[in-house]
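J.:
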Amino acid sequence: EKVSVSLIKADVGGIPGHSTVHPKLKEKASECLAEAKEKGLLVDYRVLHVGDDLQLLMSHRKGIDSEEIHKLAWETFEAATKIAKELKLHGAGQDLLSDAFSGNIKGMGPGIAEMEFTERGSETLVAFMMDKTEPGSFNFPIYKIFADPFNTAGLIIDPLLIDGFIFEVWNIKERKRIFLKCPEDLYLLLSLIGAKSKYVIKRVFPKDSSPLPKDEPAVVVSTEKLFFIAEKYVGKDDPVALVRAQSGLPALGEVLEPFSVPYLVSGWMRGSHNGPLMPVSFKDAQCTRFDGPPRVIAAGFQISHGNFIGPIDLFDDPAFDLSRKKALELADYLRVQGPFEPHRLPPEEMEYTTLPGVLKKLETRFEELE
Ligand code: 13P
Ligand code: 13P
Ligand code: MG
Ligand code: MG
Ligand code: MG
């Protein structure tokens, strides 16, 4: 029994500023998806949010890149935008960069993570959603979960995991991809994905030795870059990922373990700063301090005949308190440096922000040196 899960998200307006999503937008989105479930297009759905990003989690039988599913998501975001405009929410329709839907939502602004797979006897799924950061922010945890035995005990003690996994990595600037096998290609993988603004893990697959179907991913990450579509700064490409767990894949606790450290990501205020990624509960999924710090939520499910059993709010747990506390200490420490790098992003990354407009104003004031 194959099931498809699509997690499609967009910022269609924040309240106040870029901090969170108004409940009316979530209500509208739920209405649209309920109707689609009624009609039989969706098996099930959940509407969630992190920061100012509205998240549509949908299960269906249509496979990935389904025109019907993408159209449903697009029209749902349009309906929510209409309310955002009435309420004059900040940046109403921010991530909808096109006027008309034409078959696929890719390249139109929303972020997309979708996968089709054979539902196992027990199908554990975690949907991760981040705000105030970018797709490369998933490189570190996905590497840890699927390639680092110091994170994932199963990589050395589970016969189903000992052979490792295959990583599909995209060069998002030149639009190329490469498949790397771990552990064989471990160092090559790290040489690429440490440069997280350019190389992004897109999917992870089981190896030939795995009893799981080889063409069905265990992970998929949204890799959309708004700047490349809009050609100007329209906010950050706040990413999402779907990660399957257990029974031939890392255990749930191995999937969550990397977030015990608030590692540094780029984004935060005006998409222009490095800051700690703070794992938070759904209740704390709003961005306040300096429009952050960047946050991640984790919604845990068991899937039963395509239905979402859950969500469980996985970071709503004192086990992640220390990570949050460290994130706040790091936030204090970095904020002191104000506009100075490495708190502010390096020049290559600032090209995708609003800074070039300021530099342009200075052009005529520069004098040539001898
Ligand atoms: P339980 O005995 O609680 O099911 O734990 C099994 C396990 O392997 C946890 O990692
Ligand atoms: P969003 O991408 O979450 O809208 O963030 C934009 C921003 O500039 C926050 O300071
Ligand atoms: Mg916003
Ligand atoms: Mg956002
Ligand atoms: Mg954004």
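Each residue of the sequence shown is one higher than the one before, counting from 808 in the numbering used here. Idealized CB from N, CA, C, for every residue including glycine. Please read all numbers here as calculations on a predicted model, not as lab measurements.
Taking 7 Å as the cut-off, is the C-beta of D1022 nearer than that to any heavy atom in ligand 5?
T.: Here residue 1022 refers to the residue found at position 215 when the sequence shown is read from its first residue. The answer is no for D1022.
J.: Could you give the residue range of the beta strand (DSSP E) that holds P1163?
T.: For the purposes of this step, residue 1163 is identified with residue 356 of the sequence shown, where counting begins at 1. Unbroken run through P1163 is the alpha helix (DSSP H), L1162 to L1169; no beta strand (DSSP E).
J.: With A1048 as the anchor, note down where its beta strand (DSSP E) starts and where it stops.
T.: Numbered from 1 along the sequence shown, position 241 holds the residue referred to as residue 1048. Note, A1048: beta strand (DSSP E), V1047 to A1052.
J.: Tell me, which residues are paired with G1082 by DSSP?
T.: Indexing the sequence shown from 1 puts residue 1082 at position 275. Note: G1082 sits in a beta bridge opposite V1072.
J.: At what residue ranges does the region 904-975 contain a whole run of the beta strand (DSSP E), taking only runs of 3 or more?
T.: 918-925 and 930-938, all fully within the region 904-975.
J.: Quick one: what does DSSP say F986 is sitting in, helix, strand or coil?
T.: The count along the sequence shown starts at 1 and reaches residue 986 at position 179. Strand.
J.: So, helix, strand or coil for V1062, using DSSP?
T.: For the purposes of this step, residue 1062 is taken as residue 255 along the sequence shown, with counting starting at 1. It is helical.
J.: With a floor of 4 residues, list each alpha helix (DSSP H) that falls wholly inside the region 1077-1158, ordered by position along the chain.
T.: Whole alpha helix (DSSP H) segments, 4+ residues: 1128-1142 and 1154-1157.
J.: Which residues mark the beginning and the end of the alpha helix (DSSP H) in which I1000 is found?
T.: In the sequence shown, the residue the question calls residue 1000 occupies position 193. Counting along the chain, the alpha helix (DSSP H) containing I1000 begins and ends at L993 to I1000.
J.: Would you identify the three-state DSSP class for R853, choosing helix, strand or coil?
T.: Working through the sequence shown from its first residue, we reach residue 853 at position 46. Note: R853 maps to strand in three-state DSSP.
J.: Please work out which residues of its chain come closer than 7 Å, Cβ to Cβ, to A886, disregarding the five sequence neighbours upstream and downstream, and give them in chain order.
T.: Reading the sequence shown from its first residue, position 79 is the one you call residue 886. If we look at A886 and ignore the five residues flanking it on each side, its Cβ neighbours are K835 and C839.
J.: Near H877, which residues of its chain fall below 7 Å by C-beta distance, leaving aside the five closest residues on each side in sequence?
T.: Locating residue 877 in the sequence shown gives position 70, where the first residue counts as 1. N911 and I912.
J.: Ends of the beta strand (DSSP E) at K809?
T.: Here the question's residue 809 lines up with position 2 in the sequence shown. Run containing K809: K809 to A817, per the beta strand (DSSP E) assignment.
J.: Hey, out of Y1159, G1113, T888 and R1151, whose CA is closest to A925's CA?
T.: Taking the sequence shown and counting its residues from 1, one reaches residue 925 at position 118. One point to set straight first is that residue 925 is Thr, not Ala, in the sequence displayed. The shortest C-alpha separation from T925 is found at G1113.
J.: Short check: CB of L1033 to CB of H1080, under 8 Å?
T.: For the purposes of this step, residue 1033 is taken as residue 226 along the sequence shown, with counting starting at 1. For the purposes of this step, residue 1080 is taken as residue 273 along the sequence shown, with counting starting at 1. Cβ atoms of L1033 and H1080: not closer than 8 Å.
J.: Mapping the DSSP letters down to three states, classify I871 as helix, strand or coil.
T.: The residue you call residue 871 lines up with position 64 of the sequence shown. The answer is coil: DSSP assigns I871 none of H, G, I, E or B.
J.: Determine the direct distance from the alpha carbon of G1078 to that of I831, and round the result to whole angstroms.
T.: As a position in the sequence shown, residue 831 is number 24, starting the count at 1. As a position in the sequence shown, residue 1078 is number 271, starting the count at 1. The question names Ile, but residue 831 in the sequence shown is Lys. In a straight line, the C-alpha of K831 is about 26 Å away from that of G1078.
J.: Could you tell me the boundaries of the beta strand (DSSP E) in which K833 lies?
T.: Taking the first residue of the sequence shown as position 1, residue 833 is located at position 26. Here K833 belongs to no beta strand (DSSP E); instead the alpha helix (DSSP H) covers P830 to E845.
J.: Determine the extent of the beta strand (DSSP E) in which F1178 is found, giving its start and end residues.
T.: The structure shown does not extend to residue 1178, since the chain is modelled only from 808 through 1177, so no value can be given for it.
J.: Where does D938 land, buried or exposed, given buried means 16+ other C-beta within 10 angstroms?
T.: Numbered from 1 along the sequence shown, position 131 holds the residue referred to as residue 938. With 16 or more other Cβ atoms within 10 Å, it is buried.
J.: Tell me whether the beta-carbon of G1082 lies closer than 8 Å to the beta-carbon of P1100.
T.: Your numbering for residue 1082 matches position 275 in the sequence shown. Your numbering for residue 1100 matches position 293 in the sequence shown. It is a contact, given that the beta carbons lie within the stated cut-off.
J.: Classify I809 as buried or exposed, calling it buried when 16 or more other Cβ atoms lie within 10 Å of its own Cβ.
T.: The sequence position of residue 809 within the sequence shown is 2, counting from 1. Checking the displayed sequence, the identity of residue 809 turns out to be Lys instead of Ile. The residue is exposed, with fewer than 16 neighbouring Cβ atoms inside 10 Å.
J.: Contact defined as beta carbons within less than 8 Å: I believe E1156 pairs with S1017. What is the distance between those atoms, to the nearest angstrom?
T.: For the purposes of this step, residue 1156 is taken as residue 349 along the sequence shown, with counting starting at 1. For the purposes of this step, residue 1017 is taken as residue 210 along the sequence shown, with counting starting at 1. Contact doesn't hold; Cβ gap of about 37 Å is too wide.
J.: When the Cβ atoms of the region 1043-1057 are set against those of the region 949-963, are three or more pairs found closer than 8 Å?
T.: Yes, they touch.
J.: Is it right to say L1129 is buried, meaning 16 or more other beta carbons lie within 10 angstroms of its own, or is it exposed?
T.: Looking up residue 1129 in the sequence shown gives position 322. Flag for L1129 reads exposed.
J.: Whose C-beta lies closer than 7 Å to the C-beta of D1015 among residues of the same chain, with five residues either side of it excluded?
T.: Taking the sequence shown and counting its residues from 1, the one referred to as residue 1015 is at position 208. Contacts found: K1021.
J.: Should G1117 be listed as close to ligand 5, given that the test is whether its C-beta is under 7 Å from any heavy atom?
T.: What you label residue 1117 is simply residue 310 of the sequence shown in a count that begins at 1. Incorrect: G1117 has no Cβ contact closer than 7 Å to ligand 5.
J.: For L995 versus Y1006, is the C-beta spacing smaller than 8 Å?
T.: One-based indexing of the sequence shown puts residue 995 at position 188. One-based indexing of the sequence shown puts residue 1006 at position 199. The answer is no: Cβ separation not under 8 Å.
J.: How about G1060: is its Cβ closer than 7 Å to a heavy atom in ligand 1?
T.: Sequence index remark: in the sequence shown, residue 1060 carries index 253 (1-based). For ligand 1, at least one heavy atom lies less than 7 Å from the Cβ of G1060.
J.: Cα separation between I1008 and F1127?
T.: Position 201 of the sequence shown, counting from 1, holds the residue named residue 1008. Position 320 of the sequence shown, counting from 1, holds the residue named residue 1127. Answer to the nearest angstrom: the Cα atoms are 25 Å apart.
J.: Quick check on the contact list: which residues have their beta carbon closer than 5 Å to a heavy atom of ligand 4?
T.: Residues with a Cβ closer than 5 Å to any heavy atom of ligand 4, in chain order: D818, G858, D859, D860, D938 and D1045.
J.: Would you say the beta carbon of H856 comes nearer than 7 Å to a heavy atom of ligand 3?
T.: Along the sequence shown, one-based indexing puts residue 856 at 49. No; taking the cut-off as 7 Å, the Cβ of H856 has no heavy atom of ligand 3 nearer than that.
J.: Give me whichever residues DSSP pairs with H897 in a beta bridge.
T.: To locate residue 897, count along the sequence shown from 1; it is residue 90. Bridge partners of H897: G821.
J.: Starting from the C-beta of I822, find all residues in its chain whose C-beta is less than 6 Å away, skip the five residues before and the five after it, and write them out in chain order.
T.: Taking the sequence shown and counting its residues from 1, one reaches residue 822 at position 15. For I822, where only same-chain residues beyond five positions count, the Cβ hits under 6 Å are H829 and L896.
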